[in-house]
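In the order they appear, the protein sequences are chains A and B. Residue numbers 1015 to 1347, in the working numbering, belong to the letters of the first sequence in order. Residue numbers 15 to 281, in the working numbering, belong to the letters of the second sequence in order. For every residue, glycine included, the Cβ atom is placed at its ideal position computed from N, Cα and C. See structure below.
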Amino acid sequence: MNRELRAAVFLPSGARARIAGWKQGVELRHYVVYAAAALIFLLFVVFLRDDGFLTSSNLINIGRQSAPIAVMAVGMSFALASSEIDLSVGSVAALSSLVAAEVVGGHGFVAGTVAALAVGASIGLVNGFITVKVRIPSFLVTLGMLGIVSGIARNMNNLQSLPIRNDAFREVFGSGSVGPVSSLLVWTAVVGLLGHLALHQLRWGRHVLSVGSDRSAAKALGINIDRVRISALVVSAAAASFAGVLLASRLAIGRHDLGENLLLTVIAAVVIGGTNLFGGRASVAGAVAGSVVMAMLNNGLILMGLRVSDQLIARGVIIILAVSLSMREQKES
Amino acid sequence: MNSEPAVTRSGQPGSVALEISGLCKSFRAVRALDGVGMTLRYGRVTALLGDNGAGKSTLVKCISGVYVPDAGTVRVNGVEHAVSSPEDARALGIETVHQTLAVIDPLDVVENLFLNREHTRGGRIGAWLGVLDKKRMRKESEEILSRLDIRIPSLRRPLDALSGGQRQAVAIGRAVAWGQQIVLLDEPAAALGVEQAARVLELIRSLRDSGVAVLLITHNMDRVTAVCDRAIVLRQGRKTAELDVGEVTKDDLVAYITGARTDESAQ
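Laid out in structure tokens, this is it:
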């Protein structure tokens, strides 16, 4: 018996009405990303079966690679939902991995994690303040910040990796597991769940969408739009720095380029997931699913045996195609 | 913030809600308002008439805190107040529904009704975090909409899935959800079709019947005679007439608006 029928038969009318109302709110674009994930998975299963796509080690690998993308994508969802964008996320992740490596070495894993997150959140705060108070579009502010933070990261250890020898730090985030599940995936789920709850169950989430949808209406209703915009950029940068912590923990190093090239992948993951690039609509669950799609694509391109340069080209084409498809879907809805 | 009444508690029908007098506002050399006085009463609908540039929207903006008047007083429930921001006006129970409506398209009906006045649950921690009490807001939304006889198919619909009249109804219903006693409506049916506009007029009547003091700005004389008790006419920043709508014809109203007639006693 399918779900609807079961609901109709067994549920009291109030609950039935609730399900009907809920179904009305769910639009097609919310499903596109899951369909895309399934389709790509099936395609790769068929065409890359001799290249080891469907081996358990490869699937675990895809899960691990999607973790930092997903964590950044959850944060980016809020930046985009508020009609801002954060182009500094990749460099923030890289700097955070170095900060974590540096501080974990001297002061233990809790201090290292807190320091990395604090650095990320502070960068977000600066991004937000300049965007709001100096009235410069966030894409320019965060583009500038991307350069500044990359430069700082490169100076920090003279382009060298900084090894992390703290077992607790490595176990808790990157290489440990809870039962059979990699701790990377557990943390990703935690971040995704927190983001989903913040978006749907907290006043803040509704205000982020309001500001992103119609800033002047939000202002007319007395919403503190400056605070909302700044907080969205802080959340984005803090999530990026947590992604940096995950990367550092998984690879047991801090390095100036960890996660640095993920920016476009992250934006693509968020937009494929149903978040509007221009604010007002967001889906955290979609962003996580979009991250899995992007990680699968990356993995497939490598298994196909493409050279790094060809991977770059293919990835660029795929991202433009995917985003334009999902944007068209959004305009129609 | 979360203990706002969902149900409007206003004074006796007919008692004075808002009284302004001697209101002046200039923009450089232009006297947009020149000593305008007006009284709004609970349970009554007052029309604010005048040609373009007569000062109607300046007057509304002075009352709703967007502009600060150069001179004059604003009394709410008999007490003089300085209204220097929209927040001040809202705290005094004055709500303005502009033509732009200020509704948020992707949010649903309940979310729009309670936007920035959300009920929270989970005690003080919940209030600090802003954990939404969706059940309570939904219940109160149903009460408000049924009291105002607003029919919307599903409260979970986002606003951009609603008709123009329904969007208007949500914007007006929000004033009631926030417990506001004085509602200023700027051309509420301007862009609507015939049936939708009639719905909005019905809504204004239920607003009036629930004891709210309503100021209706409009160019449409049919709407004035349909729902308004009193009419105030502005011309070149001055009040040129204050009329009992029951005692004049539409042609009279038009004559006052165009300046063919003036009522010197109104000054």
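- A straight-line Cα-Cα distance of about 18 angstroms links A:T1156 and A:V1284.
- If you look at B:T272, you'll find it in the alpha helix (DSSP H) that goes K264 to T272.
- If you look at B:F41, you'll find it isn't in any alpha helix (DSSP H); it sits in the beta strand (DSSP E) that goes V30 to F41.
- Cβ contact annotation for A:S1096 (same chain, cutoff 7 angstroms, sequence separation greater than five): V1222, V1225, G1226, V1242, R1243, A1246 and G1293, in chain order.
- Interface residue (Cβ-Cβ distance to chain B less than 7 angstroms): A:I1239 is not classified as such.
- In this structure, A:L1272 lies away from A:L1260, with their beta-carbon atoms at least 7 angstroms apart.
- Neighbourhood of B:A116 in chain A, by CB distance below 7 angstroms: A1231, A1234 and L1235, in chain order.
- Residue state for A:A1282 is assigned as helix, using DSSP reduced to three classes.
- Residue nearest to B:R42 within the set B:E261, B:D147, B:V74 and B:D84 is B:D84 (criterion: CA-CA distance).
- Listed along chain B, no residue sits closer than 9 angstroms to A:W1201 by beta-carbon distance, the nearest being about 21 angstroms off.
- One Cα belongs to B:L37, the other to B:G178, and the distance between them is close to 34 angstroms.
- Distance check between A:V1337 and each of A:G1287, A:V1085 and A:A1051 places A:G1287 closest, using alpha-carbon atoms only.
- About 5 angstroms separates the beta carbons of B:V184 and B:N126, which is inside the 8 angstroms limit, making them a contact pair.
- When the beta-carbon positions are compared, B:V238 and B:I218 stay at least 7 angstroms from each other.
- Among the residues of the region 84 to 110 of chain B, those with a Cβ less than 8 angstroms away from any Cβ of chain A are P100, E101 and R104, in the order of the chain.
- As the crow flies, the alpha-carbon of B:T110 is around 11 angstroms from that of B:Q195.
- By a beta-carbon distance limit of 8 angstroms, B:A116 does not contact B:E154. Their separation comes to about 20 angstroms.
- Listed as beta-bridge partners of B:V90 by DSSP are B:L32 and B:V93.
- Taking all protein chains in view, the Cβ of A:G1122 is surrounded by fewer than 16 other Cβ atoms within 10 Å, so the residue is classified as exposed.
- The beta-carbon of A:S1340 is placed no less than 7 angstroms from the nearest beta-carbon of chain B.
- Taken in chain order, the members of the region 132 to 145 of chain B whose beta-carbon sits within less than 8 angstroms of a beta-carbon on chain A are E132, T134, L143, G144 and V145.
- Beyond the five residues adjoining it in sequence on each side, A:V1248 comes within less than 7 angstroms, by CB distance, of A1135, G1138, L1139 and G1142 in the same chain, given in chain order.
- In the DSSP assignment, B:V238 falls within the unbroken alpha helix (DSSP H) covering M235 to V241.
- Residues of chain A whose Cβ lies closer than 8 angstroms to the Cβ of B:E125 are, in chain order, R1220.
- For the set A:A1266, A:L1278, A:L1315 and A:G1319, the Cα lying nearest the Cα of A:I1333 is the one of A:L1278.
- In this structure, B:V197 sits near B:V228, with a CB-CB distance shorter than 7 angstroms.
- Residues are counted here when their Cβ sits less than 8 angstroms from a Cβ of chain B; for the region 1281 to 1313 of chain A these are G1294 and R1295, given in chain order.
- The residues I1150 and V1155, in chain order, have a CB closer than 7 angstroms to that of A:I1144 in the same chain once the five nearest residues on each side in sequence are set aside.
- At a cut-off of 7 angstroms between beta carbons, B:L198 makes no contact with chain A.
- Residue environment analysis places B:K39 among the buried positions, since at least 16 neighbouring C-beta atoms fall within 10 angstroms of its C-beta.
- If you look at B:L217, you'll find it in the alpha helix (DSSP H) that goes V208 to D223.
- With a threshold of 16 other beta carbon atoms within 10 Å, A:F1061 falls short and is exposed.
- According to the DSSP assignment, B:A46 belongs to the beta strand (DSSP E) that extends over V44 to R55.
- A:D1100 sits in coil when the DSSP states are folded into three classes, being neither helix nor strand.
- Using beta-carbon distances, B:N130 counts as an interface residue toward chain A, with a partner under 7 angstroms.
- Boundaries for A:A1232: no beta strand (DSSP E) harbours it, while the alpha helix (DSSP H) harbouring it runs R1229 to A1234, taken from the DSSP string.
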